[in-house]
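Worksheet: the structure to be examined is printed underneath.
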Amino acid sequence: MNSEGRYEVVNHVIMHNHDLTRSQWHYLHRSERQITEEKREAIETMQKSGLSSTASFNYMAIEAGGEENLGHSKKDHLNYCTRLKMKQIEGGDAQAVTDIMYLELEGDPNFFFRFRLDEKGKLRSLFWRDSMMMEDYGIFGDIVVFDTTYRTNRYNLICAPIVGINNHWNNCMFGCAFIGDEKIESFVWLLQTFKKSMGGKSPISIFTDQDAAMNNAINQVFPDSRDRLCVWHLHQNAITRFGALKRDPTFKKTFNYCLYKCVTVVEFETNWRSMLQQYELIGEEWFTNVYDLREKWCPALSKDFFSAGILSSQRSESTNHAIGFRANRATSLTDFYRLFKGTIQRWRSTEKQAEFSCSKSVPSSALPLSGLLKHASEVYTLSLFRDFEEEFGYSIATTAKLIWKQENTEFYAVSIDEEPWSAQRVTYIHESQTVSCTCKNFEASGWLCYHCIRILHLHSVNRIPEQYIKKRWTKSAKSSVWNKLENEKPEEVQYTPWRQTMARKYYNLILKSQSNEETRTLMEDGYAASVSLVDELLASLNVSNTDDASTTETSATAAPETSATAAPETNATAAYETNSAPAGFFAVRLVGACFFSGGPTFSGTDASATFLLRRFLEVKVFNGCLLPSAALSFTSATLLFISAILPSGFSFSLAFSCAILPSGFLFSLAFSSAFFSTSFSFLAASFFNFLSFANFCFLLVTTCG
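So in UniProt numbering, the last spot in the sequence shown is 705, and the numbers never skip.
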């Protein structure tokens with residue numbers, strides 16, 4: 001305290017007498033936390049791939065060797081991911097997703113989307129499909145599964161994926177939509193838009209759930225299509241409504257038999273009544289309504305329309321809830337579209353793998369691959385071959401009885417041994433190899449039943465008749481699409497393997513170098529040098545292309561007589577003025593690159609020096625002519641002198657001598673100089689260095705003279 005009664009600073013000790021922070025907390029300070037541009041790109045890439053924010057942070061932390069080495073905290077990471085999402089939906093989520101679709105349209109001219117807004121300007125309905133979906137619909141569009149049970153978004157919009165079945169019995173997407181309600185008017189708009197996007201083609205069968213509004217819309221838009229109920233939904237609804245039956249092990253078996261296994265109408269009616277009586281379900285409203293709609297789901301009553309086997313097998317479950325969207329009620333439209341694209345990519349990757357397997361492998365079978373079975377293995381995909389193999393196995397256990405014969409037509413009764421109720425009537429015509437069965441399996445599924453196979457085998461038919469090979473089930477069903485894609489292969493795809501290989505190599509090199517300060521410095525310096533050389537190379541190539549284009553254009557427009565008279569004088573002067581500066585520039589850079597060449601560590605510089613040398617030798621001087629041999633000798637002597645003095649430049653001068661110099665003496669001189677410099681005495685090295693220097697001086701005098 002001074003004389004005035006105030007405190008006054010009289011001394012300041014700069015050194016702290018305590019630790020400012022613990023060393024293990026150092027990385028948590030704000031000054032040490034930063035999300036760099038490189039890390040931003042990595043985070044965005046992982047987010048696009050579907051990784052959650054936490055998963056991407058854990059990956060980057062493991063890659064860096066721990067959170068303390070990452071350079072930012074988990075909170076920073078999560079905040080940045082949140083900002084990314086907010087940026088994506090800036091200006092409105094609906095506007096963002098429509099902007100994304102306009103971008104899709106730029107990359108895919110056949111991309112199709114439509115949307116509707118309500119009176120307040122809010123999104124009411126949205127539909128989209130890409131070009132591959134249109135191609136798939138053209139081949140596999142005979143069957144459509146239309147499901148509206150998804151409400152996985154924050155706006156409670158109904159997601160309505162339109163799914164089909166490809167030749168491998170896998171799902172393929174035909175389109176997807178969001179609608180605001182389940183009114184007839186909304187479904188009509190959606191189906192009309194879908195039909196328009198597919199060129200007006202109608203499916204044979206459409207599988208839906210028990211929605212009256214949807215059924216009415218289908219009857220309006222696709223009057224010639226058969227509206228069918230999905231038996232998987234019927235099964236789930238039965239268990240949900242009658243939970244007590246779920247504990248009964250026999251109910252599921254009995255109900256499934258009515259849904260899938262009944263072949264004849266009499267068999268279905270008998271089993272249905274027996275089920276209602278056994279489980280006391282007579283008078284239950286839900287079962288009564290399902291029975292009234294039996295023509296839409298019962299296989300015995302739906303044989304006249306193609307259903308791809310969905311009604312008669314458990315595979316109906318694979319066409320529903322197989323989309324696998326990892327979405328919930330908090331998912332935005334932009335996030336949903338990203339998840340949707342990921343699902344489609346996964347489906348198409350599975351399809352490519354299945355196509356590859358069919359083209360490279362032969363199916364195995366417990367039965368001898370001969371006759372009809374061998375032919376089936378050649379034409380059908382692996383999945384469909386299993387269906388045909390099952391029918392073929394049943395045919396072995398059947399007996400065929402000739403009922404009567406009329407000219408070239410024979411009538412048989414085919415049944416499984418000890419199961420007379422399974423008998424079906426089969427008609428066979430010799431001349432055309434026409435076979436038909438009352439079970440109508442081919443009409444409903446697209447492959448022959450075991451009744452028909454038994455008769456064909458009986459008549460020694462070793463190949464499936466062409467009229468009974470449905471192309472949608474064959475290996476070549478999509479060959480035209482693959483050929484088209486092969487011809488339209490993007491140009492950038494050819495660079496992808498090289499880019500991935502180089503990225504992995506540099507990544508491994510970075511991991512190897514990150515623990516040492518000197519190696520890190522070396523990597524950073526090498527990166528800066530590479531960036532500079534690449535930029536200069538690209539710039540020179542662009543200038544060269546521009547000059548060539550302008551020269552071609554000038555030559556095409558100039559008059560013949562003007563070119564003949566004025567061109568020699570103009571070219572002679574202009575070439576000297578234009579190219580003298582680049583010649584000097586490349587010469588200086590060439591020498592600098594040679595000095596910079598530091599042996600194996602900087603082997604990339606030899607390539608850059610080679611580029612500079614090539615550019616230097618291509619420069620036109622001396623009245624438009626190429627460099628004379630004297631200048632070439634001068635250049636070679638300079639390089640040999642460098643090689644003699646600096647052994648690190650040997651690799652470049654050796655490559656240069658092998659490629660350009662015709663003189664074996666100069667090459668042997670350079671080689672001997674480098675060889676003796678590293679293996680023998682200093683005196684021998686000095687002697688050859690002196691010879692190289694003398695040769696350099698001699699050629700220099702010759703060139704100047």
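Glycine included, each C-beta is placed from N, C-alpha and C at the ideal position.
Candidates the options, of which the one nearest residue i by Cα
{"i": "S307", "options": "I206, Q220 and Q406", "result": "I206"}
{"i": "Y337", "options": "S476, A96 and T45", "result": "A96"}
{"i": "P203", "options": "F287, R294 and D136", "result": "D136"}
{"i": "C437", "options": "I429, W447 and H451", "result": "H451"}
{"i": "L293", "options": "K253, L229, F356 and K401", "result": "L229"}
{"i": "G457", "options": "Q278, S515, N408 and V414", "result": "Strictly speaking, residue 457 in this sequence is His, with Gly absent from that position. Comparing Cα positions, the closest option is V414."}
{"i": "H430", "options": "W421, I416, E407 and P420", "result": "E407"}
{"i": "S23", "options": "C262, N69, V435 and I139", "result": "N69"}
{"i": "K478", "options": "A354, T82 and E295", "result": "A354"}
{"i": "W347", "options": "P249, V265, I165 and W498", "result": "I165"}
{"i": "W189", "options": "W232, D224, D147 and F127", "result": "F127"}
{"i": "L339", "options": "R40, I43, S31 and S52", "result": "S52"}
{"i": "D147", "options": "L105, W232 and G5", "result": "W232"}
{"i": "H245", "options": "Y279, V290, Y102 and P420", "result": "The amino acid at residue 245 is misidentified as His; the sequence shows Leu. Answer by Cα proximity: Y279."}
{"i": "I453", "options": "S480, Y507, L533 and T398", "result": "T398"}
{"i": "C258", "options": "N545, K341 and E295", "result": "E295"}
{"i": "R33", "options": "G71, I403, K484 and N289", "result": "G71"}
{"i": "Q467", "options": "H168, T434, L105 and R114", "result": "T434"}
{"i": "T409", "options": "I403, Y428 and F194", "result": "Y428"}
First through last residue of the beta strand (DSSP E) which encompasses residue i
{"i": "K401", "result": "T398 to Q406"}
{"i": "S415", "result": "T409 to I416"}
{"i": "R116", "result": "F112 to L117"}
Bridge-paired residues (DSSP) for residue i
{"i": "N171", "result": "I165"}
{"i": "C437", "result": "V426"}
{"i": "V145", "result": "V163 and F207"}
{"i": "R228", "result": "F207"}
{"i": "A238", "result": "The partner list for A238 (beta bridge, DSSP) is empty, contrary to what the question assumes."}
{"i": "I179", "result": "S125 and I158"}
Inter-residue CB distance, residue i and residue j (contact presumed, cutoff 8 angstroms)
{"i": "D130", "j": "F111", "result": "5 angstroms"}
{"i": "H235", "j": "F251", "result": "The Cβ separation is near 11 angstroms, so there is no contact."}
{"i": "I455", "j": "V426", "result": "5 angstroms"}
{"i": "F187", "j": "A212", "result": "Not a contact, Cβ separation roughly 10 angstroms."}
{"i": "M198", "j": "M173", "result": "Rounded, the Cβ-Cβ distance is 13 angstroms, inconsistent with contact."}
{"i": "G180", "j": "I162", "result": "With a Cβ gap of about 17 angstroms, G180 and I162 do not count as contacting."}
{"i": "L191", "j": "V144", "result": "Wrong, their Cβ atoms sit about 10 angstroms apart, outside the cutoff."}
{"i": "I14", "j": "T334", "result": "That belief does not hold up - the Cβ atoms of I14 and T334 are roughly 54 angstroms apart, past 8 angstroms."}
{"i": "N170", "j": "T350", "result": "6 angstroms"}
{"i": "N462", "j": "G371", "result": "4 angstroms"}
{"i": "T331", "j": "A300", "result": "No, T331 and A300 are not in contact; Cβ-Cβ is about 42 angstroms, not under 8 angstroms."}
Own chain residues within Cβ distance below 7 angstroms of residue i, not counting five before or after
{"i": "F665", "result": "Note that F665 has pLDDT 44, beneath the 50 cutoff, so the model's placement of it is unreliable and the number below is only indicative. If we look at F665 and ignore the five residues flanking it on each side, it has no Cβ neighbours."}
{"i": "I184", "result": "A213, N216 and A217"}
{"i": "T54", "result": "none"}
{"i": "Q47", "result": "S56, C81 and L84"}
{"i": "Y527", "result": "none"}
N-terminal and C-terminal residue of the alpha helix (DSSP H) that residue i is part of
{"i": "Y137", "result": "S131 to F140"}
{"i": "E267", "result": "V265 to Q278"}
{"i": "A64", "result": "S53 to A64"}
{"i": "T254", "result": "P249 to N256"}
{"i": "A376", "result": "G371 to V379"}
{"i": "R348", "result": "L333 to K360"}
{"i": "F194", "result": "I184 to S197"}
{"i": "C452", "result": "Y450 to L458"}
{"i": "F287", "result": "E285 to D292"}
{"i": "K219", "result": "Looking at the sequence shown, residue 219 is not Lys but Asn. Taken as a continuous stretch (DSSP letters only), the alpha helix (DSSP H) holding N219 covers A212 to V221."}
Proximal residues to residue i (C-beta, below 8 angstroms), its chain only, five neighbours per side dropped
{"i": "K405", "result": "F411"}
{"i": "S681", "result": "Summary for S681: the model assigns pLDDT 43, below 50, so the residue's position carries little reliability; its value from the coordinates is reported in the next sentence. Here the set comprises nothing."}
{"i": "S357", "result": "L382"}
{"i": "K122", "result": "A94"}
Close-in-space but distant-in-sequence residues of the same chain around residue i (CB under 6 angstroms, 5 per side omitted)
{"i": "S460", "result": "none"}
{"i": "A376", "result": "F385 and F388"}
{"i": "N79", "result": "none"}
{"i": "F57", "result": "K74 and H77"}
{"i": "E8", "result": "N2"}
{"i": "K470", "result": "G446"}
{"i": "Y576", "result": "The pLDDT assigned to Y576 is 35, lower than 50, so where the model puts this residue is not dependable; a value taken from the coordinates is nonetheless given after this. Hits under 6 angstroms: none found."}
{"i": "K475", "result": "C358 and T381"}
{"i": "R315", "result": "Only weak support is given to the placement of R315: the predicted model assigns it a pLDDT of 49, under 50, and the value that follows is read from those uncertain coordinates. Cβ within range, chain order: n/a, list empty."}
{"i": "A64", "result": "L70"}
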